[in-house]
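> The structure's right below; bear with me while I get my questions together.
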Amino acid sequence: MLLDTRLRALSFPPPCPFILHTSSNSLSLNHPTSFFAEFISRNSLHSHVGRPYSHAPVSNSTVDVDEAEEEETTDFAKLKRKLETLGINSDSCTPGQYDHLYCPKCKGGRTIHRSLSLHISKNWSYAIWRCFHVECGWAGKVFADTKKNYPGVNLHGKVNSSRPLTEESLRLEMLGDELLAYFSERMISKETLQRNNVMQVAGDQKIIAFTYRRNGLLVGCKYRTVEKKFWQGKNTEKWLYGLDDIAEADEIIIVEGELDKLSMEEAGYYNCVSVPGGAPQTVSLKELPSLEKDTSYHYLWNCKDYLDKASRIILATDGDIPGQALAEELARRLGKERCWQVRWPKKDELSSFKDANEVLKNLGADALRDAIDKAELYQMLNMLHFSKAHLVKLIVFSVLRFLKFVLFVMEMNGSVQAFLQSPRGSVSGVNFQTLEKQLVDQNQLVTLRQKLQEIGIDGNDCMPGQYNGLICPSCGGGDSQEKSLSLHITENGGAAVWTCFRAKCGWKGTTRAFADVNSTYSRMNKMTKLKQPIRVITEKSLGLEPLCNELLAYFAERMISGETLRRNAVMQKRTGDQIAIAFAYYRNGEVVSCKYRDITKKFWQEANTEKIFYGLDDIKEASDIIIVEGEMDKLAMEEAGFKNCVSVPDGAPPKVSNKALPSEEEDTKYQYLWNCKEYTEKASRIILATDGDPPGQALAEELARRLGRERCWRVKWPKRNNTESFKDANEVLMYMGPDALREVIDNAELYPIKGLFNFKHYFDEIDDYYHQTLGFELGVSTGWRGLNELYNVVPGELTIVTGVPNSGKSEWIDALLCNLNHSVGWKFALCSMENKVREHARKLLEKHVRKPFFDVRYGESVERMSVEELEQGKKWLSDSFSLIRCENDCLPNISWVLDLARIAVLRHGVNGLVIDPYNELDHQRPPGQTETEYVSQMLTKVKRFAQHHMCHVWFVAHPRQLHHWIGGPPNLYDISGSAHFINKCDNGIVIHRNRDPEAGPMDVVQVCVRKVRNKVIGTIGDGYLSYNRVTGEYMDIDMPPLNNKRRS
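Everything in the sequence shown is counted per our numbering, starting at 1192 for the first residue and increasing by one.
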């Protein structure tokens, strides 16, 4: 009877809701264990909204029906009875396999799924189970007879392995070039990967292996594919990734993934660990479970000895909802009173960056450090979890932190020993209680600085344990000579790491004072991956065969004929029950590589074969060649009559690299270009017909950088509809036919070269200028009728303003800014170094409110502005002006001013910049450079800034001392420094005021327009305005402009 029951169970596996799915996502029931492995890997991923939380695959096992029936019956009865006591019905279960039942604890949740996985041993000696419902996680074990000796089974339902883990047993090897490039794109250096023992699984598939270690020993491994699929090694305990890095840390950082842990290290934080199992979908509403039942977070209990030492824990989980749920679950278990939380910086107005690696990739290490430095106390007093206990903990924690700080301050005047005993720590993992052991070794610090000096880095003024900004010796900081190199010297002065954060540089590296032959660092540096020899392959050795009718039909649907397939030797290869398309790569008629593609568009290549173009023999004598992104596109081009076409073997990068072109030996991702150099060098015209999506355009740019933009052309794929275009050659062939594809190639355009243009690139702008649709083609009026014919303001131009002292240059510019703000709403950045902020505010407010700021002296006879008017004026100041000021005693230079002005344009939308005056800037110039050359170079920078940001710049420059000045206005050539002030500017204006009562009215200001480059917006001449001394306003007077009237 029992045997019949077991046979029925074998013939009819327990029902499961997943077998109803008929799509490609449905689960296989060919074998119960394979079904269980699929169940775990898929549902553990999908149940967390695509977040990694997978489990070890289940070993293959079969039912042994020849076991002693008497022992089975005895143990069967005992075990069945114990399971029924727990609420588990095992009637339909098959010994030796995994069965899915309804969980007696959670009842399968809202969806009523069979979430409980039950495994009964073949001889009915024991049973283990686990519920995979995200809000349950119930797991346990039970034995038929507790007096017998059975193999050890842990609380997670896995048999403990007595065999220690080793890299050899896991078949791990050093990372290859492809995976190193994968990490490099994510800003993770080779040094960081080596330090964390990131490896790969040996074999053709590129599988990353994150090795989990405790006390230096391998205790687990988590695997990840490039497509972001995760799973973990079986029969291993769960630990935090990077556990040894927090062994002595007083402050630690917890992130959500191994990549984020590595990113933190790139930013200088070694005291960081990652959770092994990803994030839950929501926060559990249940009470905290006991240690034995807290299966989802068992890694916290395993690492309790490490976590208990930490006084401050920064939760830097992902910024999405599951990431915040993980932070809450961690804080509940670790104690919210010692937890801090990171707020990731904004990506745009609507979204923020998701995690540490995104911040590192897009903003750099400085931004990641800034996010950690600005971590906030974890929110404890919320409506859902508020309690008196939380409040008491918060108060006690705050008092303790304050007392520690007081003790620290009191001991600052004591000995170094007293300082070392102070309880302060830093986020970088340095605990002052152990700092005594890490005092700087002056000998090795001197040696380290000498090594840095040899590299070109001046680290003499850099303090150990800090991040220092220097000028990069590789790129020189660009045109602005910015301090883009971030250098960090370790606390003991033994090593240094640096990174240049300029997009066009990215230089990074490390060095040590003394190499320790026994150190892990030294051993890692000695590890080199031997280059595998190139395999010799043939169609026969690969097992290739002609295409079957089904694949011929597949190609026919894509408009690829059998003749084209035969000419290009497209074949097939059987891999198990599947058939894959085989694209053989030939050179001189011999197969050198082969790439495979299945119907689901998954690709793989033969390992250890030479990388070349697909279709290489077709361009042997071609002067014009076409390069496409995939083999299907190469075949599509041939259908349109273009046989001089090749395809790249490796697809497209996600974006264009911001680094300098590597050497031939280091250019591993594009090695096929170097291998085919003798073919491409013959071509005089190369048409890049890559895909139209961003990766395809990035590939075109990378190819053009290496092949030479001057001989490259690019295609523009036709429109599919009003918003989309076709993606590639095969899509155009399928939907529009070969004639349309030929037209695309015939209409290919010259590849754009930076700095080289044609007028047709500007036709739209010329049309807008003609029809005056931009709004400022004729300039923006100054607001004074008397100047409309002489001078109007155009965005992107440079106006030089000069005049003798106290002639009112700055006052006139302030009045002009107020007029422009009132008439068209322009905003301005003010770099006015002669004015105190409060004085400048007074002048602007008086012009805006049209009342005096004070009621003394100049304003006694006029009503003073009211408090309400002052408050409204202050808001106007805040909304309309940005201030560029140097708060220390250093002299700012022009690059510093323009950098801040650029930020003001992007952040506040300013339309104009005032630099007042020239002689207040730092004008240190290189040895051998004359002042004339320096002024020319400086004004060129100002003009480029104005044109690039469409921002009008007013530059105030004083004239040189006029010994024989007799009262007339000076000339632009009188400006101190160089004649380039008038040569370089677009507009030149002299402000002059009469000082002789006998010569005319004292309140009349003469505006002398001495240069106007664009005749559309003005002309040379003089205009006159009346100056109101009480409010600082300039008013029109009834005096026509005097054109071409100059000082004799």
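Where is the CB? At the ideal position from N, CA and C, for every residue including glycine.
What you are looking at is a predicted structure, and each value in this text was computed from that prediction instead of being measured.
Across the region 1799-1819 and the region 1779-1788, are there enough close Cβ pairs to call them in contact, namely three or more that are closer than 8 Å?
Segments in contact, yes.
> Does the region 1528-1535 touch the region 1494-1513, meaning 3 or more C-beta pairs lie closer than 8 Å?
With the cut-off at 8 Å, the region 1494-1513 and the region 1528-1535 touch.
> Just the Cα atoms here: how many angstroms apart are Phe-1623 and Glu-1442?
Residue 1623 sits at position 432 when you count from the first residue of the sequence shown. Residue 1442 sits at position 251 when you count from the first residue of the sequence shown. Its pLDDT being 37, under 50, Phe-1623 is placed unreliably in this model, and the value from its coordinates should be taken loosely. Whole-angstrom Cα-Cα distance: 11 Å.
> Along the chain, where does the alpha helix (DSSP H) containing Cys-2009 start, and where does it finish?
The residue you call residue 2009 lines up with position 818 of the sequence shown. Unbroken alpha helix (DSSP H) run through Cys-2009: 2000-2015.
> Along the beta strand (DSSP E) that carries Glu-2122, what are the first and last residues, could you check?
Within the sequence shown, residue 2122 is the residue found at index 931, counting from 1. Taken as a continuous stretch (DSSP letters only), Glu-2122 belongs to no beta strand (DSSP E), being part of the alpha helix (DSSP H) at 2122-2140.
> Distance, Cα to Cα, Lys-1792 vs Met-1762?
The residue labelled residue 1792 in the question sits at position 601 within the sequence shown. The residue labelled residue 1762 in the question sits at position 571 within the sequence shown. Taking the straight line from one Cα to the other gives about 16 Å.
> Starting from the C-beta of His-1679, find all residues in its chain whose C-beta is less than 6 Å away, skip the five residues before and the five after it, and write them out in chain order.
The residue given as residue 1679 occupies position 488 in the sequence shown. Correct list, in chain order: Gly-1459, Tyr-1658, Val-1688.
> On the DSSP letters alone, give me the boundaries of the beta strand (DSSP E) that Ala-1400 sits inside.
The sequence position of residue 1400 within the sequence shown is 209, counting from 1. Unbroken beta strand (DSSP E) run through Ala-1400: 1398-1405.
> Closest by CA to Tyr-2049, which one among Glu-1567, His-1310, Asp-1564, Thr-2222?
Against the sequence shown, residue 2049 aligns to sequence position 858. Cα-wise, what sits closest to Tyr-2049 is Thr-2222.
> Just to confirm the assignment, what range does the alpha helix (DSSP H) spanning Ile-1957 have?
Position 766 of the sequence shown, counted from the start, is the residue given in the question as residue 1957. Ile-1957 -> alpha helix (DSSP H) spans 1954-1962.
> Can you tell which of Glu-1797, Lys-1484, Asn-1983, Ile-1648 has the C-alpha that lies nearest to the C-alpha of Gly-1328?
Numbered from 1 along the sequence shown, position 137 holds the residue referred to as residue 1328. It is Lys-1484 whose Cα lies nearest to the Cα of Gly-1328.
> Helix, strand or coil for Thr-1795? Go by DSSP, reduced to three states.
Your numbering for residue 1795 matches position 604 in the sequence shown. According to the sequence shown, residue 1795 is Trp rather than Thr. Trp-1795 falls in the strand class under three-state DSSP.
> Where does Val-1392 fall in DSSP's three states?
Within the sequence shown, the letter at position 201 stands for residue 1392. Three-state result, Val-1392: strand.
> So is Lys-1699 buried or exposed if we call it buried at 16+ other beta carbons inside 10 Å?
Numbered from 1 along the sequence shown, position 508 holds the residue referred to as residue 1699. The residue is buried, with at least 16 neighbouring Cβ atoms inside 10 Å.
> In whole angstroms, what separates the C-alpha of Asn-2219 from that of Leu-1941?
For the purposes of this step, residue 2219 is taken as the residue at position 1028 of the sequence shown. For the purposes of this step, residue 1941 is taken as the residue at position 750 of the sequence shown. Rounded to whole angstroms, Asn-2219 to Leu-1941 spans 60 Å at the Cα level.
> Asp-1884 to Leu-1969, Cα distance in whole Å?
Locating residue 1884 in the sequence shown gives position 693, where the first residue counts as 1. Locating residue 1969 in the sequence shown gives position 778, where the first residue counts as 1. Asp-1884 and Leu-1969: Cα-Cα distance of roughly 40 Å.
> The alpha helix (DSSP H) that contains Ser-2069, what's its start and end?
Locating residue 2069 in the sequence shown gives position 878, where the first residue counts as 1. Segment 2058-2071, the alpha helix (DSSP H) holding Ser-2069.
> So for Glu-1682, helix, strand or coil by DSSP?
By one-based count along the sequence shown, residue 1682 stands at place 491. Coil, per DSSP.
> Starting from the C-beta of Ile-1379, find all residues in its chain whose C-beta is less than 6 Å away, skip the five residues before and the five after it, and write them out in chain order.
Here residue 1379 is taken as the residue at index 188 of the sequence shown, counted from 1. Contacts found: Leu-1453.
> For Lys-1722, I'd like the list of residues in its chain whose CB is within less than 7 Å of its CB, leaving aside the five on either flank, ordered along the chain.
Taking the first residue of the sequence shown as position 1, residue 1722 is located at position 531. Bear in mind that a pLDDT of 47 at Lys-1722, under 50, signals an unreliable position, so the number given afterwards is only what the model happens to contain. Cβ neighbours of Lys-1722 beyond the five flanking positions: none.
> Pull up the DSSP beta-bridge partners for Cys-1836, would you.
Counting from 1 along the sequence shown, the entry for residue 1836 is found at position 645. Paired residues: Ile-1817.
> Would a check of beta-carbon distances place Ile-1443 closer than 7 Å to chain C?
No chain C appears in the structure shown, which is made up of a single protein chain.
> Straight-line CA distance for Gly-2159 to His-2183?
To locate residue 2159, count along the sequence shown from 1; it is residue 968. To locate residue 2183, count along the sequence shown from 1; it is residue 992. Rounded to whole angstroms, Gly-2159 to His-2183 spans 8 Å at the Cα level.
> Across which residues does DSSP place Lys-1786 in a beta bridge pair?
To locate residue 1786, count along the sequence shown from 1; it is residue 595. Answer is Phe-1774, Gln-1796.
> Mind checking which residues open and close the beta strand (DSSP E) that includes Trp-1904?
Numbered from 1 along the sequence shown, position 713 holds the residue referred to as residue 1904. Where Trp-1904 is concerned, the enclosing beta strand (DSSP E) stretches over 1903-1905.
> State the Cα-Cα distance for the pair Lys-1477 and Asn-1493, rounded to the nearest angstrom.
What you label residue 1477 is simply residue 286 of the sequence shown in a count that begins at 1. What you label residue 1493 is simply residue 302 of the sequence shown in a count that begins at 1. Cα to Cα, the separation comes out at about 22 Å.
> Could you compute how far the alpha carbon of Glu-1820 sits from the alpha carbon of Ala-1889?
By 1-based counting over the sequence shown, the position of residue 1820 is 629. By 1-based counting over the sequence shown, the position of residue 1889 is 698. Using only the alpha carbons, I get a separation of about 11 Å.
> Return the Cβ separation of Cys-1691 and Leu-1676 in integer angstroms, given the expectation that the two are a contact with Cβ distance under 8 Å.
The residue labelled residue 1691 in the question sits at position 500 within the sequence shown. The residue labelled residue 1676 in the question sits at position 485 within the sequence shown. With a Cβ gap of about 5 Å, Cys-1691 and Leu-1676 count as contacting.
> So, helix, strand or coil for Lys-1273, using DSSP?
Taking the first residue of the sequence shown as 1, we reach residue 1273 at position 82. DSSP places Lys-1273 in helix when its eight states are reduced to three.
> Whole angstroms is fine: what's the gap from Gln-1635's alpha carbon to Thr-1701's?
Position 444 of the sequence shown, counted from the first residue, corresponds to residue 1635. Position 510 of the sequence shown, counted from the first residue, corresponds to residue 1701. If you take the alpha carbons of Gln-1635 and Thr-1701, they lie about 15 Å apart.
> For the alpha helix (DSSP H) that contains Gly-2247, what are its first and last residues?
The question about residue 2247 has no answer here: the residues shown for the chain are numbered 1192 through 2239.
> Would you kindly report the start and end of the unbroken alpha helix (DSSP H) that includes Gly-1887?
Here residue 1887 is taken as the residue at index 696 of the sequence shown, counted from 1. That run of the alpha helix (DSSP H) goes 1885-1898.
> Give the C-beta separation of Val-2200 and Tyr-1982 to the nearest angstrom, bearing in mind that I take them to be a contact with Cβ-Cβ under 8 Å.
Reading the sequence shown from its first residue, position 1009 is the one you call residue 2200. Reading the sequence shown from its first residue, position 791 is the one you call residue 1982. Indeed, because the Cβ distance is near 5 Å, the residues count as touching under 8 Å.
> So what's Pro-1513 in DSSP terms, helix, strand or just coil?
One-based indexing of the sequence shown puts residue 1513 at position 322. Correct three-state label for Pro-1513: helix.
> Bridge partners for Asn-2178 per DSSP, in chain order?
Here residue 2178 refers to the residue found at position 987 of the sequence shown. DSSP output for Asn-2178 lists Thr-1990, Val-2203 as bridge partner(s).
> Near Asp-2261, what residues of its chain come up, given a Cβ to Cβ distance below 7 Å and the 5 sequence neighbours on each side ignored?
The question about residue 2261 has no answer here: the residues shown for the chain are numbered 1192 through 2239.
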